[in-house]
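This report refers to the structure that appears directly beneath it.
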Amino acid sequence: MAFSLMPGYDRINVVADLELVAAMRDKDLGDRIRTYPRFITGGGPDFGFAIQTGTTWRIGSAGGDDPYGARIGLASHLRVESRERETDPDVRRAMLAAADKLDPESGEQLAKDEWEIGPRRYRLIRVEKFILLGDRVMEPPRPTDVDPPDTDAALLQDHLIDPLAPAGVWEARMRLNLVGWVPPLPEPVPEAVMMEARHAIRTHPGVVLLPPEFNVVEFEGDSLRNITGADGPARARTNLAFHFVEALPRIREWEGDPATPAELAVWKKAAEQVEASPGPVFEVLGRRYCIVRVSRMMRLGRDGPEGPRPSDQERYGWPRNPQPQS
Numbered sequence: 001m002a003f004s005l006m007p008g009y010d011r012i013n014v015v016a017d018l019e020l021v022a023a024m025r026d027k028d029l030g031d032r033i034r035t036y037p038r039f040i041t042g043g044g045p046d047f048g049f050a051i052q053t054g055t056t057w058r059i060g061s062a063g064g065d066d067p068y069g070a071r072i073g074l075a076s077h078l079r080v081e082s083r084e085r086e087t088d089p090d091v092r093r094a095m096l097a098a099a100d101k102l103d104p105e106s107g108e109q110l111a112k113d114e115w116e117i118g119p120r121r122y123r124l125i126r127v128e129k130f131i132l133l134g135d136r137v138m139e140p141p142r143p144t145d146v147d148p149p150d151t152d153a154a155l156l157q158d159h160l161i162d163p164l165a166p167a168g169v170w171e172a173r174m175r176l177n178l179v180g181w182v183p184p185l186p187e188p189v190p191e192a193v194m195m196e197a198r199h200a201i202r203t204h205p206g207v208v209l210l211p212p213e214f215n216v217v218e219f220e221g222d223s224l225r226n227i228t229g230a231d232g233p234a235r236a237r238t239n240l241a242f243h244f245v246e247a248l249p250r251i252r253e254w255e256g257d258p259a260t261p262a263e264l265a266v267w268k269k270a271a272e273q274v275e276a277s278p279g280p281v282f283e284v285l286g287r288r289y290c291i292v293r294v295s296r297m298m299r300l301g302r303d304g305p306e307g308p309r310p311s312d313q314e315r316y317g318w319p320r321n322p323q324p325q326s
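First residue of the sequence shown? That's 1 in the UniProt record's numbering, and the numbers climb one at a time after it.
Okay, here's the thing in structure tokens:
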């Protein structure tokens, strides 16, 4: 079956009269670009998979650490969909056959990143993360950032990939600035990695912005340490409170040094302080924490979203050895 190319992959549909909420978000973005004018990397890319039906692409899942794990996620999706939704027996068999190659009971995984099964095309995707930076300050949540109602929103399930969705002037400026952006990488950077990054700019010149994540970081002198995160600022605050009353006691138990009742009481009070604070900065137990907004983007090309790059598994994954695509 022939699948259509992606309409408008390299265009931005700038609209002067956005609907009210979108206009407020675009204004917030403009305010933040002026205050936090630089990009820094938000960590390694996320991996997942997208599904094409007709001319439409939607994200099936994102948030995987490496291509290997994203293929496992796709295999799980194919098995569930074949059992619960697919009615065509031939398509069902093809879905299960693909799943068995992506997540075999024994042997090596087939490192194949695109599958055409019945009326749908499945592709592994690559999501880049970045943070806006001001004068040594990372961007906090914006006034229009709210927690999504779906608790799985961080995985972007069923998110429409639409480069032609109405965009404001500031979103357009952001996307144009990201077209040629290559995240700074720790030295030494292999030449192959830089070549892949430059190649992606040519083959996937379109950029769309995806819903953000929110990380909670702890300041340790001049360095930062990630503590937890969430798909919304309120959940990020709740997860920081959870860190004190659930995570720290469990860590101490695993270390064979259970917390004392006095320590548990101190951590409980710290959690209550966090929950009572509006944030995004929290000063508790002599430590400083902050909620940071992590923006996400995806590159698009003529044939749809960008997939994993050749060096991604070695660079971001565990030392696995999946069977190469034949």
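Ideal Cβ placement from N, Cα and C applies to all residues, glycine included.
Return yes when the Cβ of residue j is within less than 8 Å of the Cβ of residue i, no when it is not.
{"i": "ARG288", "j": "VAL294", "result": "no"}
{"i": "PRO67", "j": "ASP113", "result": "yes"}
{"i": "GLY232", "j": "PRO140", "result": "no"}
{"i": "ALA62", "j": "ILE125", "result": "yes"}
{"i": "ILE40", "j": "LEU133", "result": "yes"}
{"i": "MET95", "j": "GLU116", "result": "no"}
{"i": "ASP26", "j": "LEU20", "result": "no"}
{"i": "residue 327", "j": "PRO305", "result": "What is shown of the chain runs 1 to 326, which leaves residue 327 out entirely."}
{"i": "LEU29", "j": "MET174", "result": "yes"}
{"i": "ILE131", "j": "VAL284", "result": "no"}
{"i": "GLU32", "j": "ARG142", "result": "A small fix is needed here, since residue 32 is Arg in this sequence, not Glu. Taking 8 Å as the Cβ cut-off, ARG32 and ARG142 qualify as a contacting pair."}
{"i": "GLY118", "j": "ASP145", "result": "no"}
{"i": "VAL179", "j": "VAL207", "result": "yes"}
{"i": "LYS163", "j": "GLY8", "result": "According to the sequence displayed, residue 163 carries Pro and not Lys. Against a cut-off of 8 Å, the Cβ pair of GLY8 and PRO163 comes out as a contact."}
{"i": "PHE219", "j": "ALA230", "result": "no"}
{"i": "ALA167", "j": "VAL15", "result": "yes"}
Please name the residue in the options whose C-alpha comes closest to that of residue i.
{"i": "MET297", "options": "ILE51, PRO205 and VAL169", "result": "PRO205"}
{"i": "GLU128", "options": "VAL193, ASP46 and ILE201", "result": "ASP46"}
{"i": "LEU240", "options": "GLY304, THR228 and VAL292", "result": "THR228"}
{"i": "VAL189", "options": "SER311, PRO278 and ASP257", "result": "SER311"}
{"i": "ALA2", "options": "ALA22, GLY54, THR35 and PHE39", "result": "GLY54"}
{"i": "ALA75", "options": "ARG11, PRO186, GLY60 and SER223", "result": "GLY60"}
{"i": "THR56", "options": "ARG175, VAL80, GLY48 and ARG120", "result": "ARG120"}
{"i": "PRO261", "options": "VAL245, GLY118, ASP90 and ARG173", "result": "VAL245"}
{"i": "GLU275", "options": "LEU110, ASP145, GLU283 and ARG237", "result": "ARG237"}
{"i": "GLU196", "options": "GLY307, PRO212 and GLY286", "result": "GLY307"}
{"i": "ALA50", "options": "SER223, PRO89, VAL216 and GLN157", "result": "GLN157"}
{"i": "TRP221", "options": "PRO212, VAL193 and GLY286", "result": "Correcting the residue identity first, residue 221 is Gly in this sequence and not Trp. Cα-wise, what sits closest to GLY221 is GLY286."}
{"i": "PRO212", "options": "GLU86, GLN273, ARG136 and ARG235", "result": "ARG235"}
{"i": "SER4", "options": "ASP150, ASP303 and GLN313", "result": "ASP303"}
{"i": "VAL137", "options": "GLU314, GLN313 and CYS290", "result": "CYS290"}
Just the Cα atoms here: how many angstroms apart are residue i and residue j?
{"i": "PRO37", "j": "GLY43", "result": "18 Å"}
{"i": "ALA165", "j": "ASN13", "result": "6 Å"}
{"i": "ARG198", "j": "GLU171", "result": "23 Å"}
{"i": "LEU248", "j": "ARG225", "result": "15 Å"}
{"i": "GLY64", "j": "ARG71", "result": "9 Å"}
{"i": "MET6", "j": "LEU300", "result": "8 Å"}
{"i": "GLY107", "j": "ASP100", "result": "10 Å"}
{"i": "ARG202", "j": "TYR316", "result": "23 Å"}
{"i": "LYS268", "j": "ALA23", "result": "41 Å"}
{"i": "GLU255", "j": "ARG92", "result": "47 Å"}
{"i": "ARG83", "j": "LEU155", "result": "22 Å"}
{"i": "VAL182", "j": "PHE242", "result": "35 Å"}
{"i": "VAL169", "j": "GLU191", "result": "36 Å"}
{"i": "PRO278", "j": "GLU272", "result": "12 Å"}
{"i": "GLY73", "j": "ALA97", "result": "15 Å"}
{"i": "GLU263", "j": "GLU253", "result": "13 Å"}
{"i": "GLN109", "j": "GLN313", "result": "13 Å"}
{"i": "GLN52", "j": "MET194", "result": "29 Å"}
{"i": "ASP135", "j": "GLU187", "result": "24 Å"}
{"i": "LEU185", "j": "ALA270", "result": "36 Å"}
So residue i and residue j are in contact, right, with Cβ under 8 Å, and what is the actual spacing, rounded?
{"i": "ARG34", "j": "ALA200", "result": "Actually they do not touch by this definition, with Cβ atoms about 28 Å apart."}
{"i": "LEU210", "j": "HIS159", "result": "7 Å"}
Check whether chain B comes within 8 Å of residue i, counting only Cβ atoms and requiring the distance to be less than that.
{"i": "GLU105", "result": "Among the chains in the structure shown there is no chain B, since it carries only a single protein chain."}
To test your reading of the DSSP string, which unbroken beta strand (DSSP E) runs of 3 or more residues are found completely within the stretch 48 to 117? For the stretch 48 to 117, whole beta strand (DSSP E) runs of length 3 or above, ordered along the chain, are 56 to 64 and 114 to 117.
Which ranges does the beta strand (DSSP E) cover as unbroken runs of at least 3 residues, wholly within the stretch 146 to 232, from first to last along the chain? 206 to 220 and 223 to 230
Residue ranges of each alpha helix (DSSP H) within the stretch 231 to 318, 4 or longer: If we require 4 residues or more, the alpha helix (DSSP H) runs fully inside the stretch 231 to 318 come out as 233 to 242, 248 to 254, 261 to 276 and 312 to 316.
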